[in-house]
Amino acid sequence: DGGITQSPKYLFRKEGQNVTLSCEQNLNHDAMYWYRQDPGQGLRLIYYSQIVNDFQKGDIAEGYSVSREKKESFPLTVTSAQKNPTAFYLCASSIERNTGELFFGEGSRLTVL
Amino acid sequence: KNEVEQSPQNLTAQEGEFITINCSYSVGISALHWLQQHPGGGIVSLFMLSSGKKKHGRLIATINIQEKHSSLHITASHPRDSAVYICAVRSRGYGNKLVFGAGTILRVKS
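If you want it as structure tokens, here you go:
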């Protein structure tokens, strides 16, 4: 079945460590997105990519980095520079950027110890 | 003031009740999405609409562009409908970027 796979589902990190969250899709979508979800707030856009080897900062990109070397894959690295990384992270995709239906993964919950 | 406001924030209903969740927005939009986030955290798209009304099973979504308001209705609610329902709009002023509401937490008791 087509869909988006995120891993790991739960991740614990010590302060000062970088961690990478995986996002893979087999929907043949060009656009992929990373969102952060905090309690009581709407989803906020971290980074998005319209096409392979291209990505743009979203509203809260500081302390995060991404790559898009393959159409199917859009990993997110949470660096030690992110001041408050404990959150729920969601990856999504759509056929084209800013249009059409969004498809989401199951999310990754990152906790900094 | 947030660009997308949902009400209520929390809703508890008895099984079988008719449920309405509201979404108001303050920006010009090209489309509005209703999403469901289940307790495990994953999100599924329920509706995408730009005018009128859509129905899928027991779910109905309506939108009034002039009033900048949308509603999500659930008929004959069931405990499996318990989830967070999220409204999101594609904002014309931001290049069709999605702007999300904070969500409505729905609990249906049996």
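Just so you know, the sequences run in chain order A and B.
For what it's worth, my numbering labels the leading residue of the first sequence as -19, then goes sequentially.
For what it's worth, my numbering labels the leading residue of the second sequence as 145, then goes sequentially.
The beta carbon of each residue, even a glycine, is placed where N, CA and C say it ideally should be.
In this text the structure is predicted, and so the values were computed from the model without any measurement.
Just to confirm, is the Cβ distance from residue i to residue j under 7 Å?
{"i": "A/LEU82", "j": "A/LYS(-6)", "result": "no"}
{"i": "B/VAL228", "j": "B/GLN181", "result": "yes"}
{"i": "B/SER254", "j": "B/GLU161", "result": "no"}
{"i": "B/SER189", "j": "B/LEU179", "result": "yes"}
{"i": "A/GLU4", "j": "A/SER47", "result": "no"}
{"i": "B/LYS199", "j": "B/THR206", "result": "no"}
{"i": "A/PHE84", "j": "B/ILE187", "result": "yes"}
{"i": "A/GLY43", "j": "A/ASN6", "result": "no"}
{"i": "B/SER195", "j": "B/ALA175", "result": "no"}
Identify the residues that DSSP records as bridge partners of residue i: which are they?
{"i": "B/LEU176", "result": "B/LEU193 and B/VAL233"}
{"i": "A/ASP34", "result": "A/ILE31"}
{"i": "B/ALA157", "result": "B/VAL252"}
{"i": "A/VAL(-1)", "result": "A/VAL58"}
{"i": "B/VAL148", "result": "B/TYR169"}
{"i": "B/HIS213", "result": "B/SER168 and B/ASN208"}
{"i": "A/SER(-13)", "result": "A/SER2"}
{"i": "B/HIS182", "result": "Per DSSP, none; premise fails for B/HIS182."}
{"i": "A/GLU52", "result": "Bridge partners of A/GLU52: none, in fact."}
{"i": "A/ARG89", "result": "A/TYR(-10) and A/PHE68"}
{"i": "A/ALA11", "result": "A/SER74"}
Roughly how many whole angstroms lie between the Cα atoms of residue i and residue j?
{"i": "A/PHE35", "j": "B/VAL252", "result": "41 Å"}
{"i": "B/PRO183", "j": "B/ILE249", "result": "10 Å"}
{"i": "A/LYS37", "j": "B/GLU211", "result": "32 Å"}
{"i": "B/GLY237", "j": "A/ARG16", "result": "22 Å"}
{"i": "A/GLY22", "j": "B/VAL243", "result": "8 Å"}
{"i": "B/SER226", "j": "B/LEU155", "result": "10 Å"}
{"i": "A/ARG24", "j": "B/MET192", "result": "19 Å"}
{"i": "B/ASN208", "j": "A/LYS63", "result": "41 Å"}
{"i": "B/HIS213", "j": "B/GLU149", "result": "10 Å"}
{"i": "A/ASN33", "j": "A/LEU70", "result": "21 Å"}
{"i": "A/ILE40", "j": "A/LEU56", "result": "13 Å"}
{"i": "B/ARG224", "j": "B/GLY185", "result": "15 Å"}
{"i": "A/LYS51", "j": "B/GLY247", "result": "31 Å"}
Go through its chain and collect everything with a Cβ distance to residue i's Cβ below 8 Å, but skip five positions before and after it.
{"i": "A/ARG77", "result": "ASP10, ALA11, TYR28 and GLN30"}
{"i": "B/GLY241", "result": "The sequence given here places Lys at residue 241 of chain B; Gly does not occur at that position. So the qualifying residues of the chain are ARG234 and SER235."}
{"i": "A/LEU(-9)", "result": "VAL(-1), LEU1, SER88, ARG89, LEU90 and THR91"}
{"i": "B/GLU147", "result": "TYR169, SER170, VAL171, VAL233, SER235 and VAL243"}
Ordered along the chain, which non-local residues of its own chain (more than five positions away) have a Cβ less than 6 Å from that of residue i?
{"i": "B/ASN166", "result": "SER151 and SER215"}
{"i": "B/ILE163", "result": "ALA157, ILE218 and SER221"}
{"i": "A/TYR13", "result": "TYR28 and ALA72"}
{"i": "B/HIS177", "result": "MET192 and ALA232"}
Using a threshold of 6 Å, is the CB atom of residue i nearer than that to any non-hydrogen atom of the ligand SAH?
{"i": "A/LEU23", "result": "Ligands displayed in this structure: none; no statement on the ligand SAH is therefore possible."}
I'd like the list of long-range same chain contacts for residue i, defined as Cβ closer than 7 Å, with 5 residues on each side in sequence excluded.
{"i": "A/GLU86", "result": "GLN(-14) and LYS(-11)"}
{"i": "A/SER60", "result": "GLY(-4), GLN(-3) and ASN(-2)"}
{"i": "A/ALA67", "result": "ARG16, GLN17, ASP18 and LEU90"}
{"i": "B/ILE173", "result": "VAL233, ARG234, SER235 and ARG236"}
{"i": "A/GLY80", "result": "SER74"}
{"i": "A/SER45", "result": "THR57 and THR59"}
Beta carbons nearer than 9 Å to chain B: which residues of the segment 78 to 90 of chain A have them? ASN78, THR79, GLY80, GLU81, LEU82, PHE83, PHE84, GLY85, GLU86, GLY87, SER88 and ARG89
Taking Cβ-Cβ distances below 8 Å as the criterion, which residues of the segment 235 to 246 of chain B are in contact with chain A?
GLY239, ASN240, LYS241, LEU242, VAL243, PHE244, GLY245 and ALA246
**Item:** Contact set between the segment 189 to 208 of chain B and chain A, restricted to residues whose Cβ is under 8 Å from the partner
**Value:** SER189 and MET192
Of all the residues that make up the segment -19 to -7 of chain A, which are near chain B by a beta-carbon distance shorter than 7 Å? none
Please list, in chain order, the residues of the segment 28 to 56 of chain A that have any C-beta partner in chain B closer than 8 Å.
none
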